[in-house]
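Report on the following structure.
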Amino acid sequence: MAYSDKVIDHYNNPRNLGSLPKDDQSVGTGIVGAPECGDVMKLQIKVQNDVIVDAKFKTFGCGSAIASSSLATEWLKGRTVEDAYKIKNTDIVQELNLPPVKIHCSVLAEDAIKAALEDYRKKSDAAAPVESTVAKA
Amino acid sequence: MAIVKKELPLARSMCWHCQSDIGGEYFCQQCVKVQPLSKDIDYFTALGLPRKLNIDTGMLETKFYEMSRAFHPDFYEGKSDMERAVSLANSATLNQAYSTLKNPIERVEYLLRLEAGSAKEIPGKAPTELFETLLEIQEQLEELQTLKGQKGTGSEEIVGRLRAERGTLEAKRGALERRLAELFQLWDRLADRSSSDQGQKTEKEQVLKQMRDILSQRNYLNTMLANIAEALE
């Protein structure tokens, strides 16, 4: 099966490959997997004032999975948390020209985005009361 | 051989030829014509086995041969188009049933599909720690790949680490397969109980879910082990 030029480009030059400190309060981490193909994707976001200032990924899987997560990090940077929720797997399919057999890779990327956003929200919700106490003191 | 395009009758209650009641038999008692297996028949039922996971493979084989002899297209040369079509369709179903049930992993995957009904697409869950381990190994594989391009580098160290990882993953897969065997036993005991109360239903669902999770984890391990094997070649 032939990959599209965009997939090959992301595969050869993955954007934002790497990790962010998982325990950092401003970092949200999503790790998801697709049991059918055994692919695993880790996507992280760093949020400041509700804006995603950095995004990193690590993917163990096929070219389409790597390209999907690489593209996802590009799209995430600069978005607000709320806007980030609007990224859909169909957008990724369209941008990368993914064939039907590879659509699940884009679904995995969307799942990873959602998981990272949820992780960040959980952290900031838990931290919120502490912050207000600090502010009072 | 001309193949009958006409749809095979769905119901197995009436003989397609003489319309007499066949009461679930494969051969009509009135006119002795071969009858099609029901379209909705599951592989366990097709081979006359209970829906259990520990199968006596000797018995499975005996059953399969016994039924193959009854339906084999060779024995229907010179019969009517309908009989030949039935024999062909039944044989195909039987072959599929046998090859699926022979292998324990395919057998449990098939059972999960049967039992899950509409929820069949819900994938099993694997723990996040497993994903993290796999991503770490993946990094080492990439590192090894980079080093292979250069000469006289310390790739032996990574190879050593990957061999150790492979041992750990194989042990993990072994443990999962032992747990799966225990769940097979548990499933069969539940299947033996005649009661169909809510408690038993929940218990069965629990076992199915655990089996699904194990199969999913096993898939990740298999993929990674294949990647390691390829890198160490």
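Chains as they are written, first to last, in the numbering used here: chain A, 9 to 145; chain B, 81 to 313.
Think of the CB as a built atom: it goes at the ideal place given N, C-alpha and C, for glycine as much as any other residue.
Note that this is a predicted model, so its numbers are computed, not measured.
Between the alpha carbons of residue i and residue j, how many angstroms are there, rounded?
{"i": "residue 206 of chain B", "j": "residue 215 of chain B", "result": "14 Å"}
{"i": "residue 218 of chain B", "j": "residue 259 of chain B", "result": "26 Å"}
{"i": "residue 174 of chain B", "j": "residue 150 of chain B", "result": "11 Å"}
{"i": "residue 119 of chain A", "j": "residue 40 of chain A", "result": "7 Å"}
{"i": "residue 200 of chain B", "j": "residue 228 of chain B", "result": "Here the model assigns residue 200 of chain B a pLDDT of 45, short of 50, so the residue's position is not dependable, and the following value carries that caveat. Computed Cα separation, rounded: 43 Å."}
{"i": "residue 4 of chain A", "j": "residue 21 of chain A", "result": "Residue 4 of chain A is absent from the model: chain A starts at 9 and stops at 145."}
{"i": "residue 100 of chain B", "j": "residue 110 of chain B", "result": "7 Å"}
{"i": "residue 303 of chain B", "j": "residue 213 of chain B", "result": "13 Å"}
{"i": "residue 208 of chain B", "j": "residue 257 of chain B", "result": "20 Å"}
{"i": "residue 102 of chain B", "j": "residue 195 of chain B", "result": "28 Å"}
{"i": "residue 251 of chain B", "j": "residue 92 of chain A", "result": "40 Å"}
{"i": "residue 293 of chain B", "j": "residue 172 of chain B", "result": "31 Å"}
{"i": "residue 37 of chain A", "j": "residue 168 of chain B", "result": "54 Å"}
{"i": "residue 12 of chain A", "j": "residue 106 of chain A", "result": "7 Å"}
{"i": "residue 211 of chain B", "j": "residue 48 of chain A", "result": "6 Å"}
{"i": "residue 239 of chain B", "j": "residue 230 of chain B", "result": "15 Å"}
{"i": "residue 198 of chain B", "j": "residue 90 of chain A", "result": "A caution first: residue 198 of chain B carries a pLDDT of 43, below 50, which makes its placement in the model too unreliable to give a value."}
{"i": "residue 125 of chain B", "j": "residue 131 of chain B", "result": "8 Å"}
{"i": "residue 122 of chain B", "j": "residue 192 of chain B", "result": "12 Å"}
{"i": "residue 159 of chain B", "j": "residue 153 of chain B", "result": "10 Å"}
{"i": "residue 114 of chain A", "j": "residue 146 of chain B", "result": "48 Å"}
{"i": "residue 156 of chain B", "j": "residue 164 of chain B", "result": "6 Å"}
{"i": "residue 135 of chain B", "j": "residue 185 of chain B", "result": "12 Å"}
{"i": "residue 301 of chain B", "j": "residue 131 of chain A", "result": "31 Å"}
{"i": "residue 32 of chain A", "j": "residue 68 of chain A", "result": "24 Å"}
{"i": "residue 66 of chain A", "j": "residue 75 of chain A", "result": "11 Å"}
{"i": "residue 253 of chain B", "j": "residue 298 of chain B", "result": "6 Å"}
Along chain B, which residues have their Cβ under 8 Å away from the Cβ of residue i?
{"i": "residue 108 of chain A", "result": "Going along chain B, no residue has its Cβ under 8 Å from residue 108 of chain A, so there is no contact; the nearest lies around 16 Å."}
Please list, in chain order, the chain B residues whose beta carbon lies closer than 9 Å to that of residue i.
{"i": "residue 65 of chain A", "result": "Result: empty, since nearest Cβ-Cβ is about 10 Å, beyond 9 Å."}
Using a cut-off of 9 Å between C-beta atoms, extract the partners of residue i located in chain A.
{"i": "residue 214 of chain B", "result": "41, 46, 48, 68"}
{"i": "residue 226 of chain B", "result": "What residue 226 of chain B touches in chain A: nothing, since even the nearest Cβ is about 13 Å away."}
{"i": "residue 211 of chain B", "result": "39, 40, 41, 48, 49, 50, 68"}
Using three-state DSSP, classify residue i as helix, strand or coil.
{"i": "residue 51 of chain A", "result": "strand"}
{"i": "residue 278 of chain B", "result": "helix"}
{"i": "residue 133 of chain B", "result": "coil"}
{"i": "residue 112 of chain B", "result": "coil"}
{"i": "residue 124 of chain A", "result": "helix"}
{"i": "residue 172 of chain B", "result": "helix"}
{"i": "residue 38 of chain A", "result": "strand"}
{"i": "residue 251 of chain B", "result": "helix"}
{"i": "residue 66 of chain A", "result": "strand"}
{"i": "residue 133 of chain A", "result": "helix"}
{"i": "residue 99 of chain B", "result": "coil"}
{"i": "residue 225 of chain B", "result": "helix"}
{"i": "residue 56 of chain A", "result": "strand"}
{"i": "residue 288 of chain B", "result": "helix"}
{"i": "residue 295 of chain B", "result": "helix"}
{"i": "residue 25 of chain A", "result": "strand"}
Between residue i and chain A, is there a C-beta pair that is closer than 8 Å?
{"i": "residue 206 of chain B", "result": "yes"}
{"i": "residue 124 of chain B", "result": "no"}
{"i": "residue 144 of chain B", "result": "no"}
{"i": "residue 264 of chain B", "result": "no"}
{"i": "residue 303 of chain B", "result": "yes"}
{"i": "residue 199 of chain B", "result": "At residue 199 of chain B, the pLDDT of 46 sits below 50, so the modelled position is not reliable; the number obtained from the coordinates is stated separately. It does not: the Cβ of residue 199 of chain B has no partner Cβ on chain A nearer than 8 Å."}
{"i": "residue 290 of chain B", "result": "no"}
{"i": "residue 218 of chain B", "result": "yes"}
In chain A, which residues lie with their C-beta within 8 Å of the C-beta of residue i?
{"i": "residue 300 of chain B", "result": "41, 43, 46, 48"}
List, in order along the chain, the chain A residues whose C-beta lies closer than 7 Å to that of residue i?
{"i": "residue 296 of chain B", "result": "43"}
Distance cutoff 8 Å, beta carbons only. Does residue i sit that close to anything in chain C?
{"i": "residue 18 of chain A", "result": "Of the protein chains in this structure, namely A and B, none is chain C."}
Would you say residue i reaches chain B, if we count a Cβ-Cβ gap shorter than 8 Å as a contact?
{"i": "residue 140 of chain A", "result": "Reliability of the predicted coordinates at residue 140 of chain A is poor, the pLDDT of 48 falling under 50, and the value obtained from them is presented with this limitation in mind. No - not a single Cβ of chain B is within 8 Å of the one on residue 140 of chain A."}
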